[in-house]
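Worksheet: the structure to be examined is printed underneath.
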Amino acid sequence: MAPTFPCANCLEKEATTGCGKCLLVAYCGAECQAAHWQRHKADCELESFAEAWKPQWMLEKRLPYFVAGNGPKRPLNLKGEDYAKDLNVLFAASGDFRNVVTTSKLGIVLNDIYFDVVARNVIFLLIALAVEDRDEAADCIIHTWYAPLVRQSDLDILQGRVRPLIEAVVDEIKKADEDAKGKQKDSPTHEKTWSFGRRTLKVVLSKSEWSGLLSFLEIPDGLGKKKARKLRHAVTLNKDFLDDRDRAFCNRTPAHRIAVSQYWEDGFVLPLGAPRQAKFCCLP
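Counting from 1, one number per residue, gives the positions in the sequence shown under UniProt numbering.
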């Protein structure tokens, strides 16, 4: 069944017709479309929507900064599809978590020089493993990864499913340290292995990092929706990343440029015409 959307103007009736120019917002009728035009006009007439749009580096006749890139990619050369042995793969730097592998038995080691990246990957893996519904888990990971504000259902997963797992480890470390008082110093690291059916996740962190990992699930004092958006804009709308944004536009249709611009602005993982009035919570 095709998805249905509420009217972008009245938010009550089911939308039956869309903007004929951008095809990104829908309305229940002509009256609502006309009433919404002044608000939608700013998006529909964005400069990036023009068919003749060109990236800024072309207009300024300069070389885009990213041409040199971040170094060559080094593929793992195996023996093609006939390779049937188990694999152990090390990702020493793992900032990009998107590539998920499905194969025979596979052991993957993830590490990164930045603890923020390690913590994020641990939380995402725990969401993926602890939430039985794959679609629900994937939605939660996407919103947690990319949005400054998340749905209440995402916060429930983070606080109700992931936090107790990490909290139990922190409590375990505290108890072990209390029992070891006056004795020979224990290892500075602590490892924990969780089992989820046939899948296991082993995490090795320093004892202080386990507490740091738990803090990633706490909303910082003073962080409100306005400040969360400001922090996001410092990255997504940073003038130093103009060439990156223009490069992202290059292979997109004009309508998609509008949708992406809206996403960079507000961070909601929603269709352009979807209501923004729903209750969203600050991301820890």
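A virtual CB, placed ideally from N, CA and C, is assigned to each residue, including glycine. Note that the structure is predicted; figures quoted are calculated from it, not measured.
Along the beta strand (DSSP E) that carries residue i, what are the first and last residues, could you check?
| i | result |
| --- | --- |
| V150 | L149 to R151 |
| W194 | T189 to F196 |
How many Å lie between residue i and residue j at the Cα?
| i | j | result |
| --- | --- | --- |
| N111 | H190 | 15 angstroms |
| residue 301 | G18 | With the chain covering 1 to 284 only, the question about residue 301 has no answer from this structure. |
| D171 | Y27 | 53 angstroms |
| F280 | Q152 | 6 angstroms |
| V131 | V162 | 9 angstroms |
| N121 | F249 | 28 angstroms |
| G212 | F115 | 9 angstroms |
| L90 | A147 | 29 angstroms |
| P55 | T253 | 13 angstroms |
| M58 | C44 | 23 angstroms |
| K192 | V118 | 15 angstroms |
| K41 | P188 | 59 angstroms |
| A52 | A259 | 18 angstroms |
| A137 | E60 | 44 angstroms |
| G29 | A15 | 8 angstroms |
| E265 | F49 | 16 angstroms |
| A228 | L63 | 33 angstroms |
| P3 | D154 | 22 angstroms |
| N251 | A176 | 55 angstroms |
| A255 | E47 | 11 angstroms |
| E12 | I173 | 52 angstroms |
| D86 | W145 | 30 angstroms |
| P6 | K21 | 19 angstroms |
| E31 | L217 | 45 angstroms |
When burial is assigned at 16 or more other CB atoms within 10 Å of the CB, is residue i buried or exposed?
| i | result |
| --- | --- |
| G267 | buried |
| residue 285 | The chain is shown only over 1 to 284; residue 285 falls outside these bounds and no answer can be derived. |
| residue 287 | Nothing in the structure corresponds to residue 287, since the chain is present only between 1 and 284. |
| K158 | The identity of residue 158 in the sequence shown is Leu, whereas the question assumes Lys. L158 is buried by the Cβ-count criterion. |
| S261 | buried |
| V150 | buried |
Put residue i into one of helix, strand or coil per three-state DSSP.
| i | result |
| --- | --- |
| C282 | strand |
| L270 | coil |
| T4 | coil |
| V131 | coil |
| I113 | coil |
| I157 | helix |
| G71 | Per-residue confidence for G71 stands at a pLDDT of 41, beneath the threshold of 50, marking its modelled position as unreliable; the derived number appears in the next sentence. Reduced to three states, the DSSP call for G71 is coil. |
| I219 | coil |
| A50 | coil |
| K41 | helix |
| V204 | strand |
| N88 | strand |
| N9 | coil |
| R199 | strand |
Between which two residues does the alpha helix (DSSP H) holding residue i run?
| i | result |
| --- | --- |
| residue 299 | Limits of the chain in this structure are 1 at one end and 284 at the other, which puts residue 299 out of reach. |
| T236 | K225 to T236 |
| I173 | R163 to D179 |
| A15 | Per DSSP, A15 belongs to no alpha helix (DSSP H) and is neither H nor E. |
| F249 | L242 to C250 |
| L59 | Q56 to L59 |
Closer than 8 angstroms: is that where the CB of residue i sits relative to any heavy atom of the ligand FMN?
| i | result |
| --- | --- |
| N111 | This structure lacks the ligand FMN, and indeed carries no ligand of any kind. |
Can at least three beta-carbon pairs, one atom from the stretch 155-172 and one from the stretch 115-135, be found at a separation below 8 angstroms?
A contact exists between the stretch 155-172 and the stretch 115-135.
Report yes or no: do the stretch 228-246 and the stretch 192-209 share at least 3 C-beta pairs separated by less than 8 angstroms?
Counting Cβ pairs under 8 angstroms, fewer than three are found: no touch.
Using 8 angstroms as the threshold, is the stretch 195-206 in touch with the stretch 222-236, meaning 3 or more CB pairs across them?
Short answer: they don't touch.
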